[in-house]
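So the structure is just underneath, and the comments pick up after that.
Protein chains in written order, with the numbering used here: chain P, 2 to 306; chain E, 24 to 293.
Rendered as structure tokens:
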């Protein structure tokens, strides 16, 4: 112990020194990830097996009862159906419009940055504020949107107050807000494609559609995968817009805009059934994980052409 | 033919821009109208007034909400920039046992949706007394797994010789990180910093849950609850919305290049 360090061990002590520095750098962040990110995920799993009580010693163990309860929960089924509808409607629409606008922008040379900035602006603004502005513009009696529609001879639409229109209306607003993100990604993807590919194909007599089909589309695939995955996760977790578009009747009218995330919030913080809410978050986790894995598999396979 | 299609493309782009920008214009115009005027649907305010702003600023707790949002977003941003680069640097440039495992562990947290963590966070906050405090508002965001991933990629591009030069000059490992490596990844820091700031400024779900009293609300939560109380006072809600949106649009205007590069960085090359 008291002997001076032997010169032969210098190499070892250097490596040890490096490792010690590394762990000093990592100490606080690792504690954060363990206690704020990883442990709570398991805790959610654990809580889902209990009925909630503020006093931890009075939380009765109910096993898988909450998972059984889900099978007969009509509101949960409604939330699941709605969330699926949001995703199936929103993600393709977002990708198509994003790609379309990016192709238009890629074809022009002037004001490209100005257009891109305008399309991107909604993406950085608070989703809550966006929702307030839209609920004002879409008001059935005083809304400017119906006023504009009337110019074209279209009768006033109820939009958010009619169950059959509400979900589609919310989807449009979310797509409006996310569009700029897709445009920026697709535009960058387009600009990464080497010009020579197009020139070579043109010499071979390829049409515009063939250029798109055989060069642009396959080379954009990685961007498409990324956008689709991010978009899907976003729609599966939809909450802020729905709540703020209909603050007096969250998820309404008649549950037509209710999402899984909003239902979790209501079960946990309006009904205070935290155990059951935790069980639904486990379901949400499983859905997000499996959809993401399937998407990554299906979509990235086509990169090898 | 060529000129016609160029004209058509610009026409479509301008039409799209109008759709994208109109809600902001309408929000701002409404915010300048007195209550009696807002249901008349005239585009321009007949008697423009700043009364709505005056009322939001002096008769609600909006200034306090603004301060809360600023405190939370700024502290989170600085904390994320510091800790994420520290971890990114260690993972990219230092050798130590368990490195691969730690990296995978951090990345795996990206797959867990926030909704799943929120219930345990809420339980923690009530048990430890974090509810309704600044610490309660900001603890979930002080380090970001995505940022670790981003910073690690950037530190990997730095030449090791440069860092060794600093070590030979007698800098400690922290000195090498802080004085040499950190300033060299400024573009990545700018992108990560702006996104963290905007993300926290716009955050809604967690602040809604962890805050109980009106004075601790952030801007989105404050205005959401205020607008449900204010009912049909759309002129006030639009003034409050303008005050919530304008700082963000200004940040965007100033840092547009970094923000757009940041999106490209994470999506296309990531």
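Each residue gets a CB set at the ideal place from its N, CA and C atoms; glycine is no exception. Predicted model only: the values in this text are computed from it and were never measured.
Start and end of the alpha helix (DSSP H) containing residue i?
{"i": "residue 261(E)", "result": "257-277"}
{"i": "residue 86(E)", "result": "85-116"}
{"i": "residue 175(P)", "result": "164-193"}
{"i": "residue 192(E)", "result": "Counting along the chain, residue 192(E) falls outside any alpha helix (DSSP H), and DSSP gives it neither H nor E."}
{"i": "residue 114(P)", "result": "113-125"}
{"i": "residue 56(E)", "result": "Where residue 56(E) is concerned, there is no enclosing alpha helix (DSSP H), given that its DSSP letter is neither H nor E."}
{"i": "residue 139(E)", "result": "137-151"}
{"i": "residue 273(P)", "result": "Run containing residue 273(P): none; DSSP gives neither H nor E here."}
{"i": "residue 239(E)", "result": "That residue, residue 239(E), is in no alpha helix (DSSP H); it is neither H nor E in DSSP."}
{"i": "residue 222(P)", "result": "222-237"}
{"i": "residue 211(P)", "result": "209-212"}
{"i": "residue 204(P)", "result": "196-204"}
{"i": "residue 162(E)", "result": "Counting along the chain, residue 162(E) falls outside any alpha helix (DSSP H), and DSSP gives it neither H nor E."}
{"i": "residue 216(E)", "result": "209-225"}
{"i": "residue 148(P)", "result": "145-152"}
Under 7 Å, do residue i and residue j count as touching if we go by C-beta distance?
{"i": "residue 50(E)", "j": "residue 265(E)", "result": "yes"}
{"i": "residue 160(E)", "j": "residue 215(E)", "result": "no"}
{"i": "residue 91(P)", "j": "residue 185(P)", "result": "no"}
{"i": "residue 99(E)", "j": "residue 164(E)", "result": "yes"}
{"i": "residue 71(P)", "j": "residue 65(P)", "result": "no"}
{"i": "residue 280(P)", "j": "residue 143(E)", "result": "no"}
{"i": "residue 218(E)", "j": "residue 125(P)", "result": "no"}
{"i": "residue 227(E)", "j": "residue 129(P)", "result": "yes"}
{"i": "residue 23(P)", "j": "residue 119(E)", "result": "yes"}
{"i": "residue 123(P)", "j": "residue 178(P)", "result": "yes"}
{"i": "residue 265(P)", "j": "residue 282(P)", "result": "yes"}
{"i": "residue 123(E)", "j": "residue 175(E)", "result": "no"}
{"i": "residue 242(E)", "j": "residue 230(E)", "result": "no"}
{"i": "residue 246(P)", "j": "residue 80(P)", "result": "no"}
{"i": "residue 127(P)", "j": "residue 267(E)", "result": "yes"}
{"i": "residue 145(E)", "j": "residue 232(E)", "result": "yes"}
{"i": "residue 48(P)", "j": "residue 276(P)", "result": "yes"}
{"i": "residue 161(P)", "j": "residue 257(P)", "result": "no"}
{"i": "residue 57(E)", "j": "residue 238(P)", "result": "no"}
{"i": "residue 55(E)", "j": "residue 68(E)", "result": "yes"}
{"i": "residue 147(P)", "j": "residue 159(P)", "result": "no"}
{"i": "residue 94(E)", "j": "residue 223(E)", "result": "no"}
{"i": "residue 233(P)", "j": "residue 88(P)", "result": "yes"}
{"i": "residue 249(E)", "j": "residue 132(E)", "result": "no"}
{"i": "residue 279(E)", "j": "residue 213(E)", "result": "no"}
{"i": "residue 195(P)", "j": "residue 255(P)", "result": "no"}
{"i": "residue 74(P)", "j": "residue 61(P)", "result": "no"}
{"i": "residue 32(E)", "j": "residue 109(P)", "result": "yes"}
{"i": "residue 225(E)", "j": "residue 75(E)", "result": "no"}
{"i": "residue 155(E)", "j": "residue 48(E)", "result": "no"}
{"i": "residue 207(E)", "j": "residue 186(E)", "result": "no"}
What does DSSP give as the partner residue(s) for residue i in the beta ladder?
{"i": "residue 62(P)", "result": "51(P)"}
Which one of the options has the shortest CA to CA distance from residue i?
{"i": "residue 101(P)", "options": "187(P), 170(P), 146(P), 207(P)", "result": "187(P)"}
{"i": "residue 97(P)", "options": "170(P), 165(P), 182(P), 163(P)", "result": "182(P)"}
{"i": "residue 13(E)", "options": "111(P), 39(P), 88(P), 180(P)", "result": "Lying before the first or after the last residue shown, residue 13(E) is absent from chain E, which here runs from 24 to 293."}
{"i": "residue 369(P)", "options": "221(E), 286(E), 28(E), 37(E)", "result": "Nothing about residue 369(P) can be read from this structure; chain P reaches only from 2 to 306."}
{"i": "residue 55(P)", "options": "45(E), 27(E), 148(E), 34(E)", "result": "148(E)"}
{"i": "residue 87(E)", "options": "261(E), 157(E), 287(E)", "result": "157(E)"}
{"i": "residue 53(E)", "options": "192(E), 260(E), 279(E)", "result": "260(E)"}
{"i": "residue 226(P)", "options": "110(P), 31(P), 297(P)", "result": "297(P)"}
{"i": "residue 255(E)", "options": "152(P), 25(P), 138(P), 295(P)", "result": "138(P)"}
{"i": "residue 269(E)", "options": "83(E), 29(E), 89(E)", "result": "89(E)"}
{"i": "residue 244(P)", "options": "258(E), 251(E), 280(E)", "result": "251(E)"}
{"i": "residue 236(P)", "options": "292(P), 253(P), 216(P)", "result": "292(P)"}
{"i": "residue 103(P)", "options": "165(P), 189(P), 111(P)", "result": "189(P)"}
{"i": "residue 142(P)", "options": "63(E), 287(E), 289(E)", "result": "63(E)"}
{"i": "residue 240(E)", "options": "272(E), 35(E), 91(E)", "result": "91(E)"}
{"i": "residue 221(P)", "options": "206(P), 41(P), 290(P), 192(P)", "result": "192(P)"}
{"i": "residue 113(P)", "options": "27(E), 40(E), 28(E)", "result": "40(E)"}
Assuming residue i and residue j make a contact with CB atoms under 8 Å, what is their CB distance in whole Å?
{"i": "residue 121(P)", "j": "residue 106(P)", "result": "In fact, because the Cβ distance is near 11 Å, the residues do not count as touching under 8 Å."}
{"i": "residue 129(E)", "j": "residue 79(E)", "result": "The pair is not a contact, with the Cβ atoms about 42 Å apart (cut-off 8 Å)."}
{"i": "residue 263(E)", "j": "residue 248(P)", "result": "Going by Cβ atoms, the distance from residue 263(E) to residue 248(P) rounds to 14 Å, so no, they are not a contact pair."}
{"i": "residue 178(E)", "j": "residue 204(E)", "result": "6 Å"}
{"i": "residue 60(E)", "j": "residue 262(P)", "result": "At roughly 37 Å, the Cβ-Cβ gap does not stay under 8 Å, so residue 60(E) and residue 262(P) are not in contact."}
{"i": "residue 109(E)", "j": "residue 200(E)", "result": "7 Å"}
{"i": "residue 117(E)", "j": "residue 126(E)", "result": "With 8 Å as the limit, residue 117(E) and residue 126(E) do not qualify as a contact, their Cβ atoms being about 12 Å apart."}
{"i": "residue 166(E)", "j": "residue 33(P)", "result": "5 Å"}
{"i": "residue 189(E)", "j": "residue 202(E)", "result": "7 Å"}
Taking only beta-carbon positions, decide if residue i is within less than 7 Å of chain C.
{"i": "residue 38(P)", "result": "The chain labelled as chain C is not found among the protein chains of the depicted structure, namely P and E."}
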